[in-house]
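Asker:
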Amino acid sequence: MLAVVFLPDNWRIKQYFALMGVSGAVFALGYPVFDPYDFLPHITSFSFLIAHYALLGNSLVYLMNSYDKKALKKYQILFYTFALDLFLVGVNHLTGGNYGLMTHPPFIKGENILFNYLVVSTILSVTLILLDEIFKRRWKKKSKIISN
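The opening position of the sequence shown corresponds to residue 554 in the numbering used here, with each subsequent residue numbered one higher.
Below, the structure is given as structure tokens:
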């Protein structure tokens, strides 16, 4: 994710990952999944919290300063999200992991990976589109203030 910081500000993929950073950090902090260590609090728990707070803060700073309402269309957000989540399903399958909570989502019982993929990707896509709309409205207000 650090590499995304070094992309030019006008790239739509950077704006997409900033939206993803806000939603992912909120989801991660709202439903934290800590590493299962016997000794708590473990350093990985602190790292998890600090990293997600930093992700949330940096994503919000980028979106508040560099948001471009024309950069992303709804279909692009859908495509990027479903493609990235499909990649995560493949990585999770190869490694036995649960990155992005794609293999074992917290509120879905069962092992149907296709169903999990569709539900998680849909929820994430809707969240990203809603965040994009919030920033589009904020951008309009900001441009009205600047033009007056």
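Ideal placement from N, C-alpha and C gives every residue a C-beta, glycine not left out.
Determine the burial state of residue 662: buried for a count of at least 16 other Cβ atoms within 10 Å of its Cβ, exposed for fewer.
Answerer: Working through the sequence shown from its first residue, we reach residue 662 at position 109. Residue 662 comes out exposed.
Asker: Are at least three pairs of beta-carbons, each pair with one atom in the segment 600-609 and one in the segment 650-670, less than 8 angstroms apart?
Answerer: Counting Cβ pairs under 8 angstroms, fewer than three are found: no touch.
Asker: According to DSSP, simplified to helix, strand and coil, what is residue 665?
Answerer: To locate residue 665, count along the sequence shown from 1; it is residue 112. Looking at residue 665 - three-state DSSP - the assignment turns out to be coil, as it is neither helix nor strand.
Asker: Please report how far the alpha carbon of residue 633 lies from the alpha carbon of residue 627, in whole angstroms.
Answerer: Counting from 1 along the sequence shown, the entry for residue 633 is found at position 80. Counting from 1 along the sequence shown, the entry for residue 627 is found at position 74. So the alpha carbons of these two residues sit roughly 10 angstroms apart.
Asker: Can you give the Cα-Cα distance for residue 684 and residue 559, rounded to whole angstroms?
Answerer: For the purposes of this step, residue 684 is taken as the residue at position 131 of the sequence shown. For the purposes of this step, residue 559 is taken as the residue at position 6 of the sequence shown. Cα to Cα, residue 684 sits roughly 23 angstroms from residue 559.
Asker: Quick check: the Cα distance between residue 610 and residue 648, rounded to an integer number of angstroms?
Answerer: The residue you call residue 610 lines up with position 57 of the sequence shown. The residue you call residue 648 lines up with position 95 of the sequence shown. Straight-line Cα distance between these residues: approximately 30 angstroms.
Asker: What's the call for residue 583, buried or exposed, on a 16-neighbour Cβ count within 10 Å?
Answerer: For the purposes of this step, residue 583 is taken as residue 30 along the sequence shown, with counting starting at 1. With fewer than 16 Cβ atoms within 10 Å of its Cβ, residue 583 is classed as exposed.
Asker: Just how far apart, CA to CA, sit residue 556 and residue 692?
Answerer: To locate residue 556, count along the sequence shown from 1; it is residue 3. To locate residue 692, count along the sequence shown from 1; it is residue 139. C-alpha separation (whole angstroms): 26 angstroms.
Asker: When the Cβ atoms of the segment 569-578 are set against those of the segment 663-675, are three or more pairs found closer than 8 angstroms?
Answerer: Too few Cβ pairs lie closer than 8 angstroms, so no.
Asker: So residue 639 is in the alpha helix (DSSP H); what residue range does that whole segment cover?
Answerer: As a position in the sequence shown, residue 639 is number 86, starting the count at 1. That run of the alpha helix (DSSP H) goes 627-648.
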